[in-house]
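>
6 protein chains.
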Amino acid sequence: MKQRTDNYEKGLELLNKLHGGQAGEQLVNNLKDVCPDFVDMTVEWAMQGIMARPGLDLLTREFLLIASCTTLGHAVPQLKAHIDAALKLGATKQQVVEVILQMTFYAGGAAVSNALAYTKEVFQTHAQ
Amino acid sequence: MKQRTDNYEKGLELLNKLHGGQAGEQLVNNLKDVCPDFVDMTVEWAMQGIMARPGLDLLTREFLLIASCTTLGHAVPQLKAHIDAALKLGATKQQVVEVILQMTFYAGGAAVSNALAYTKEVFQTHAQ
Amino acid sequence: MKQRTDNYEKGLELLNKLHGGQAGEQLVNNLKDVCPDFVDMTVEWAMQGIMARPGLDLLTREFLLIASCTTLGHAVPQLKAHIDAALKLGATKQQVVEVILQMTFYAGGAAVSNALAYTKEVFQTHAQ
Amino acid sequence: MKQRTDNYEKGLELLNKLHGGQAGEQLVNNLKDVCPDFVDMTVEWAMQGIMARPGLDLLTREFLLIASCTTLGHAVPQLKAHIDAALKLGATKQQVVEVILQMTFYAGGAAVSNALAYTKEVFQTHAQ
Amino acid sequence: MKQRTDNYEKGLELLNKLHGGQAGEQLVNNLKDVCPDFVDMTVEWAMQGIMARPGLDLLTREFLLIASCTTLGHAVPQLKAHIDAALKLGATKQQVVEVILQMTFYAGGAAVSNALAYTKEVFQTHAQ
Amino acid sequence: MKQRTDNYEKGLELLNKLHGGQAGEQLVNNLKDVCPDFVDMTVEWAMQGIMARPGLDLLTREFLLIASCTTLGHAVPQLKAHIDAALKLGATKQQVVEVILQMTFYAGGAAVSNALAYTKEVFQTHAQ
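Protein chains in written order, with numbering that gives the first Met the number 0: chain A, 0 to 127; chain B, 0 to 127; chain C, 0 to 127; chain D, 0 to 127; chain E, 0 to 127; chain F, 0 to 127.
(1) Go through its chain and collect everything with a Cβ distance to Lys31(C)'s Cβ below 7 Å, but skip five positions before and after it.
(2) Between Ile79(D) and chain F, is any beta-carbon pair separated by less than 8 Å?
(3) I'd like to check one pair, Tyr105(F) with Gly108(B): are the Cβ atoms closer than 8 Å?
(4) When the Cα atoms are used, what is the spatial distance from Arg52(E) to Thr103(F)?
(5) Is it buried or exposed, Leu29(C), if we count other Cβ atoms within 10 angstroms and call 16 or more buried?
(6) Using 10 angstroms around the beta-carbon of Gln93(B), count the other beta-carbons present and answer buried if the total reaches 16, otherwise exposed.
(7) Between Ser67(A) and chain D, is any beta-carbon pair separated by less than 8 Å?
(8) At the 8 Å Cβ level, is Gly108(E) part of the contact set with chain D, yes or no?
(9) Terminal residues of the continuous alpha helix (DSSP H) containing Met40(B)?
(10) Please say whether Leu71(E) and His125(E) have beta carbons closer to each other than 8 Å?
(11) Between the alpha carbons of Thr69(E) and Val111(E), how many angstroms are there, rounded?
(12) Val133(E) and Val33(C): beta carbons closer than 8 Å?
(13) Please report the distance separating the alpha-carbon of Ala90(F) from that of Ala80(C).
(14) For the alpha helix (DSSP H) holding Leu86(B), just list the boundary residues, first then last.
(15) Would Gly10(E) be called buried (16 or more neighbouring beta carbons within 10 Å of its own) or exposed?
(16) Going by DSSP in three states, His18(C) sits in which element: helix, strand or coil?
(17) Please confirm whether Ala126(B) has its beta-carbon closer than 8 Å to some beta-carbon of chain E.
(18) Compare the C-beta of Asn28(F) against all C-beta atoms of chain D and say whether one is closer than 8 Å.
(19) So is Val121(A) in contact with chain B if we call contact Cβ pairs under 8 Å?
(20) Within the 8 Å Cβ cut-off, does Val98(E) reach chain C?
(21) Put Met138(A) into one of helix, strand or coil per three-state DSSP.
(22) Go ahead and label Gln123(C) buried or exposed: buried means 16 or more other beta carbons lie within 10 angstroms of its beta carbon, across all protein chains shown.
(23) Can you give me the C-alpha to C-alpha distance between Leu57(D) and Gly48(D), rounded to a whole angstrom?
(24) Exposed or buried, Asp83(A), counting other C-beta atoms within 10 Å across all chains shown (16 or more means buried)?
(25) If we ignore side chains and look at the alpha-carbon of each, how far apart do Leu13(A) and Thr4(E) end up?
(26) Write down the C-beta distance between Leu78(A) and Ala116(A) rounded to the nearest angstrom, noting that I regard them as a contact closer than 8 Å.
(27) So that I know if they touch, is there some Cβ in chain C lying closer than 8 Å to that of Val116(E)?
(28) Using a cut-off of 8 Å between C-beta atoms, extract the partners of Leu71(B) located in chain C.
(29) Taking 8 Å as the CB-CB cut-off, is Gly10(A) touching chain E?
(30) Return no unless some Cβ of chain D is closer than 8 Å to the Cβ of Met50(B).
(31) Could you please give the first and the last residue of the uninterrupted alpha helix (DSSP H) stretch that includes Leu64(D)?
(32) For the region 33-47 of chain C, list every residue whose C-beta sits within 9 Å of some C-beta in chain E, in sequence order.
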């Protein structure tokens, strides 16, 4: 995995587009000395292998990841990173709130309540 | 909750639009004698209270529910019902598959693999 | 663990009291040749070690286990066994339904909907 | 949902009775500017729609929510709020501990261990 | 992903070694018409990208997957496939049972109880 | 459970061997005044009842617990305690990382990413 492939370069470009700011860099920095291969997996698999696929636009994909992180409950840094990415891609704050609210009958109200509290933190870093 | 409100009538209309076929009716029939109030909660809260809100279109909401059910892993009848509803609302089979595939790095490959197997079952009941 | 202790005898008595019928025996029979030690753990730890503790009555404990199984989503044979045990201990069907309904805002509506469907199956084996 | 209904007023009264102190207010304040509708859903659905139903007393309902939050593992602010509410309703500390301990064989020992650590934090704010 | 890479060929060889029998083929067949790309992801990422890495032997990796599937609770076809693969790699039935039993205090006894019941089914297809 | 049995003494010895340092003591201290019986259950059941069983070596058992905690997502203090115990038992840092990486396709990449971040914290307390 060490020789940089074309997939890696394209995946990295997408990672920077979506998570170029604080949240994404923090994720990568946290992991690069404990397990640099996992950064590669994120870039090649999660970004270029899945996120970059045709068939759904990037913002819909970010909404789906917000839904999944809200449902998992414990994926807090990822939830914040994907809320941030959705806003960067042009989502309104109201749309992000609706995505999380939609989880109420599935992930449960406790998961939604906590996700909304994290959402508030991310919103404070975005003017809009 | 027993007097039928306007919210109830509108919610029921939406339930029939989304789940009018086999899957939705089955859910309601399964529950109506063990707990009719839960059918009311589904109609008034999940349908009229959440699903009918402005801010996101119905198909995006169905995609989010497919993402959540895939992540939960055990919400099998609901996963099938929402795949069915997404197709009824005009989603292509490829879009539904992409929604589930997007969960690979969050819900994990086992959850995605099982969700795709259930997807196949629902697809067989839709011509397209 | 092989010499039968006093704890084991008392735990087995409690297991028979709570799950003496079909559901409990089935659980034990399923496991006794693949892992008899797990049956012992169930008897000594789950029954005599936890269930038999003072401080809460048996029916409240069964309600708590129904709540936990509903929340887990995948603990289906256990959910059925504890609904059956609650009814044996004198719970009304309405109380069991209320316990599960109480989970709606925490375990989510999908988990509650599925738990109610399993509840219906157990209710059909109880006259009341 | 914006016109205050009778359900809303009764639900708010119950919310204040159960969570009138620090934990409950904090939950509401966290959410009221990011999503005021979710506060309404909590008041009208979780409080007046479920918690206020007949068939189980309020303390049993709080115990069930403690069981569910312990099982979820990630619902930490909610776990603390419901432990606080149970004590306000007259539960002894020993009863709360028993409720959590009862989860050992279902939610697992790690979830119970963490829940007991949070319990300790809440207990320190109650004299008894 | 459609041109077959060297990674794909090596990953497929490993998939056949581990899951050559009924369980593995069934998984692949279930998915190949609904989403052939997911089969490729399984081969290239899960097999060649992770399973084939140095640092842990294949049997330890299978034990870890059995642990994870037991903890997830809903990953039933995967649990069976990995129990089957562990036995093919030379694990004794007692070792597989110990792996699952080790989960009792983490995944909980209900998850362990169900996993042991599935284990029994797989054991019946292996002479030993 | 209050009279100290031979099982208790042996279990305590094992607890000290595995978690003698900061993480283990902290777990015990957190719980001993809120629920001393849970410390006993940990010592007698989790340690002497499961961990000390024959059939798998201690390090393999620690790896399985790391896998389970990574999959649960919310069992953070336990994840750290078991990474620490694995290193004490002679595991290399690379082995611990491989155990967590093996979870990518099952627990999902978000759970793995967070587990690796916690791993880094524990590694900083071990020279190697």
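Here a beta-carbon is modelled for each residue, glycine too, at the ideal position from N, C-alpha and C.
Reading it off the structure:
(1) Your numbering for residue 31(C) matches position 32 in the third sequence. Answer for Lys31(C): Val38, listed in chain order.
(2) As a working mapping, residue 79(D) is identified with position 80 in the fourth sequence. Here residue 79(D) turns out to be Lys, not Ile, going by the sequence shown. So no, Lys79(D) is outside the interface.
(3) Along the second sequence, one-based indexing puts residue 108(B) at 109. Along the sixth sequence, one-based indexing puts residue 105(F) at 106. The answer is yes: Cβ separation under 8 Å.
(4) For this step, residue 52(E) is matched to residue 53 along the fifth sequence. For this step, residue 103(F) is matched to residue 104 along the sixth sequence. Roughly 13 Å separates the two Cα atoms.
(5) As a position in the third sequence, residue 29(C) is number 30, starting the count at 1. Here the sequence assigns Asn to residue 29(C), which means Leu is not the residue at that position. Burial call: buried.
(6) To locate residue 93(B), count along the second sequence from 1; it is residue 94. Exposed is the call here.
(7) Along the first sequence, one-based indexing puts residue 67(A) at 68. Output row for Ser67(A): interface = no.
(8) As a position in the fifth sequence, residue 108(E) is number 109, starting the count at 1. Yes, Gly108(E) lies at the interface with chain D (some Cβ there is under 8 Å from its Cβ).
(9) For this step, residue 40(B) is matched to residue 41 along the second sequence. Element bounds for Met40(B): Pro35 to Met40.
(10) On the fifth sequence, residue 125(E) is found 126 positions in, with the first residue counted as 1. On the fifth sequence, residue 71(E) is found 72 positions in, with the first residue counted as 1. Going by C-beta atoms, His125(E) is not nearer than 8 Å to Leu71(E).
(11) Mapped onto the fifth sequence, residue 69(E) falls at position 70. Mapped onto the fifth sequence, residue 111(E) falls at position 112. About 7 Å.
(12) Summary: the structure shown does not reach residue 133(E), with chain E confined to residues 0 through 127, and so no result is reported for it.
(13) Taking the sixth sequence and counting its residues from 1, the one referred to as residue 90(F) is at position 91. Taking the third sequence and counting its residues from 1, the one referred to as residue 80(C) is at position 81. Looking at the two C-alpha atoms, the distance is approximately 42 Å.
(14) Within the second sequence, residue 86(B) is the residue found at index 87, counting from 1. Where Leu86(B) is concerned, the enclosing alpha helix (DSSP H) stretches over Val75 to Lys87.
(15) Residue numbering aside, residue 10(E) sits at position 11 when the fifth sequence is read from its first letter. Gly10(E) should be labelled buried.
(16) Here residue 18(C) refers to the residue found at position 19 of the third sequence. Three-state DSSP puts His18(C) in a helix.
(17) Against the second sequence, residue 126(B) aligns to sequence position 127. Ala126(B) does not count as touching chain E.
(18) Translated into positions along the sixth sequence, residue 28(F) becomes position 29. Asn28(F) does not count as touching chain D.
(19) Sequence index remark: in the first sequence, residue 121(A) carries index 122 (1-based). So no, Val121(A) is outside the interface.
(20) Numbered from its first residue, the fifth sequence carries residue 98(E) at position 99. Chain C, which has no Cβ nearer than 8 Å to the Cβ of Val98(E), makes this no.
(21) Absent from the model: residue 138(A). The displayed extent of chain A is 0 to 127, so no value can be given.
(22) On the third sequence, residue 123(C) is found 124 positions in, with the first residue counted as 1. Label assigned to Gln123(C): exposed.
(23) In the fourth sequence, residue 57(D) corresponds to position 58, counting from 1. In the fourth sequence, residue 48(D) corresponds to position 49, counting from 1. Rounded to the nearest angstrom, the two C-alpha atoms are 13 Å apart.
(24) One-based indexing of the first sequence puts residue 83(A) at position 84. Buried: at least 16 other Cβ atoms inside 10 Å.
(25) As a position in the first sequence, residue 13(A) is number 14, starting the count at 1. As a position in the fifth sequence, residue 4(E) is number 5, starting the count at 1. C-alpha separation (whole angstroms): 23 Å.
(26) If you number the first sequence from 1, residue 78(A) lands on position 79. If you number the first sequence from 1, residue 116(A) lands on position 117. Contact doesn't hold; Cβ gap of about 11 Å is too wide.
(27) What you label residue 116(E) is simply residue 117 of the fifth sequence in a count that begins at 1. A small fix is needed here, since residue 116(E) is Ala in this sequence, not Val. It does: the Cβ of Ala116(E) has a partner Cβ on chain C nearer than 8 Å.
(28) In the second sequence, the residue the question calls residue 71(B) occupies position 72. Residues of chain C passing the Cβ test: Gly72, Gly107, Ala109 and Ala110.
(29) Start at 1 with the first residue of the first sequence, and residue 10(A) comes out as number 11. Not closer than 8 Å to any Cβ of chain E, the Cβ of Gly10(A) fails to qualify, so no.
(30) Within the second sequence, numbered from 1, the residue matching residue 50(B) stands at position 51. Not closer than 8 Å to any Cβ of chain D, the Cβ of Met50(B) fails to qualify, so no.
(31) Sequence index remark: in the fourth sequence, residue 64(D) carries index 65 (1-based). Run containing Leu64(D): Leu57 to Leu71, per the alpha helix (DSSP H) assignment.
(32) Val33, Cys34, Asp36, Phe37, Met40, Thr41, Trp44 and Ala45
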